[in-house]
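S.K.: One structure is given below, represented as structure tokens, and several questions about it will come after.
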Amino acid sequence: MGMQLIEHIEVGSGGAASIEFTGIPQDGVDLQILISGRGSRSATDSQLRVAFNSDTASNYDVLKLTGESGSVTSSGFNFNSVIFGEMSAATATANTFGSSSAYISNYTSSAAKSLSTDSVTENNATQNKITIAAGAWSGTAAITSLLLTTNVSFVEYSTASLYMITAD
Amino acid sequence: MATPTYTLIDSVTLGSSASSVTFSGISATGKGDLVLVISAKAVEGNGVVRMRINGDSGANYYSVAMFGTGSTASSSLNSGFNQQTLTHSENSISTSTFNLMKVELQDYSATDKHKSYLIRSNESSFTTQGLAGRWASTSALTSLYIYGGGFTNFAIGSTFFLYQLVSE
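First to last, the protein sequences are chains S and P. Last residue of the first sequence: 174 (this note's numbering), numbering continuous. Last residue of the second sequence: 208 (this note's numbering), numbering continuous.
What follows is the structure in structure tokens.
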């Protein structure tokens, strides 16, 4: 089939601190997460983070390149999740949601996992961010669940779709 | 029922180290794009992954890249190279982790235009890069040759998946 939707989650009234996908089928090759998100943080943007298999230890590395309002920066760090980009947040233009994509290769392998991510915030003003990132999780287990989090919470109407790329 | 449009053409998973991977005999049936997903590490040392289209070793590859190293953000232009590197200036592959690279080649079977592609390369210890490139040929793309610079062999377990996105 090539690319199959595993699950689509939309945040309901009241928002959500996280978005979680569990019971991920193990017959695919790669995973892709597509996010349309807005956070409740009192700022123009808030972080997007992903962790796997309930691993909250410092087993994640990320290397980012961010363009923001006319400047470009690069940063890298180790953390308890992959901080792979940003989405729009509470003080961004109303009704705007950021768009993000995270691609994870060989998610069932017994090797450490690599991610390729792209994120952009939306704001009808000069404060905007676009980020590409290289992420890594040192876990060698197959990915069976993933947890998306942010600085505070996802607001209502934020969505995340998890797709599986298959080899048949 | 929707027609599957993300179709696997071929895949290679290395059971032993190899100096290159070739996808040949790529059919021009149906207009569309190609997506090449590489998860690979090197045997002998860190280096750069390279690509040639249709075996073309002429000075026909052009690309612009933006890249971050975790401390610096840069951009560079490669003009008239005899191969397409999947990163500029920085290593795209290491010996320690499987690094994720994704190449999207648009309208690969067209014979009325040069072939353009977008590349994302990720090595969380070295660099995250986004590249836009062009192969200066109006020939339909029928083969891809992937090999290395600065290292000799791709390691066991490296994977190479080639997908076709059909538009008609």
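Yeah, the Cβ is synthetic: ideal placement off N, Cα and C, and Gly gets one too.
Would Ile-49 (chain P) and Tyr-157 (chain P) be called neighbours here (beta carbons separated by less than 9 Å)?
M.R.: Result no, Cβ atoms of Ile-49 (chain P) and Tyr-157 (chain P) do not sit closer than 9 Å.
S.K.: So the beta strand (DSSP E) Thr-123 (chain S) belongs to, where does it begin and stop?
M.R.: Here the beta strand (DSSP E) through Thr-123 (chain S) covers 119-126.
S.K.: Give me the subset of the region 111-144 of chain P whose CB atoms are less than 7 Å from a CB atom of chain S, sorted by chain position.
M.R.: Result list: Ser-111, Thr-112, Ala-113, Thr-137, Phe-138, Asn-139, Leu-140 and Lys-142.
S.K.: Let me know if Ser-87 (chain S) comes out buried or exposed under the rule of 16 or more other beta-carbons within 10 Å of its beta-carbon.
M.R.: The residue in question, Ser-87 (chain S), is buried, as its Cβ has 16 or more Cβ neighbours within 10 Å.
S.K.: Can you check whether the CB of Ser-198 (chain P) is closer than 9 Å to the CB of Phe-138 (chain P)?
M.R.: Cβ distance < 9 Å, so Phe-138 (chain P) and Ser-198 (chain P) count as in contact.
S.K.: List the residues of chain P whose Cβ lies closer than 7 Å to the Cβ of Gly-76 (chain S), in chain order.
M.R.: Under the 7 Å cutoff, chain P gives no residues; its nearest Cβ is about 13 Å from Gly-76 (chain S).
S.K.: Taking DSSP as the reference, what is the three-state secondary structure of Glu-84 (chain P)?
M.R.: Reduced to three states, the DSSP call for Glu-84 (chain P) is coil.
S.K.: What beta strand (DSSP E) runs, 3 residues minimum, are completely inside the region 132-169 of chain P?
M.R.: Listed in chain order, the complete beta strand (DSSP E) runs (minimum 3 residues) inside the region 132-169 of chain P are 139-146 and 155-163.
S.K.: Just tell me which of S:Asn-129, S:Ala-23 and S:Gln-38 has its CA closest to the CA of Met-9 (chain S).
M.R.: The shortest C-alpha separation from Met-9 (chain S) is found at S:Gln-38.
S.K.: Identify which residue in P:Ser-67, P:Gly-87, P:Tyr-46 and P:Phe-63 has its Cα closest to the Cα of Glu-163 (chain P).
M.R.: Comparing Cα positions, the closest option is P:Gly-87.
S.K.: May I ask you to report which of helix, strand or coil DSSP gives Asn-118 (chain P)?
M.R.: Looking at Asn-118 (chain P) - three-state DSSP - the assignment turns out to be strand.
S.K.: When you compare the CB of Leu-48 (chain P) with every CB in chain S, is at least one pair closer than 9 Å?
M.R.: Closer than 9 Å: yes.
S.K.: Please check if any C-beta of chain P sits within less than 9 Å of the C-beta of Thr-114 (chain S).
M.R.: No, Thr-114 (chain S) does not count as interfacial toward chain P.
S.K.: Here's the rule I'm using: 16 or more other beta-carbon atoms within 10 Å means buried, otherwise exposed. How should Lys-153 (chain P) be labelled?
M.R.: Lys-153 (chain P) comes out exposed.
S.K.: What does Thr-109 (chain P) touch in chain S if you count any residue whose Cβ is under 7 Å from its own?
M.R.: Result: Ser-80.
S.K.: By the 10 Å Cβ neighbour count, where 16 or more other Cβ atoms means buried, how is Leu-11 (chain S) classified, buried or exposed?
M.R.: Under this definition Leu-11 (chain S) is an exposed residue.
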